[in-house]
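Comments concern the structure below.
Here it is as structure tokens:
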């Protein structure tokens, strides 16, 4: 009985092996360091926009999709109305 179980391939094991072979080749993408930094800036700007919306960005729609072009406006609002915490977040966005 044990020998029979070892001879038959486990369907889950076969599936994981198959997607494991594909995953490594499909998930590789070339991303320059500048693009990676921009992605981080946009992610941090979106987080700051949500956190400081009532305090700094009341004049913008709350469902605004922040993009890289919006980062300077986010920085300006944080510096003007964000207090010390907002100023520090703005400094992080400007690096």
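Numbering (this note's numbering), first residue to last: 1 to 95.
Here a beta-carbon is modelled for each residue, glycine too, at the ideal position from N, C-alpha and C.
All values derive from a computational prediction rather than experimental measurement.
Residue i, buried or exposed, once every other Cβ within 10 Å from all chains shown has been counted against 16
i, result
"residue 54", "exposed"
"residue 16", "exposed"
"residue 78", "buried"
"residue 82", "buried"
"residue 90", "buried"
Terminal residues of the alpha helix (DSSP H) in which residue i lies
i, result
"residue 49", "33-56"
"residue 89", "83-93"
For residue i, three-class secondary structure by DSSP
i, result
"residue 68", "helix"
"residue 62", "coil"
"residue 75", "helix"
Determine, using beta-carbon pairs with one atom in the region 39-49 and one in the region 74-88, whether at least three such pairs fall under 8 Å. yes
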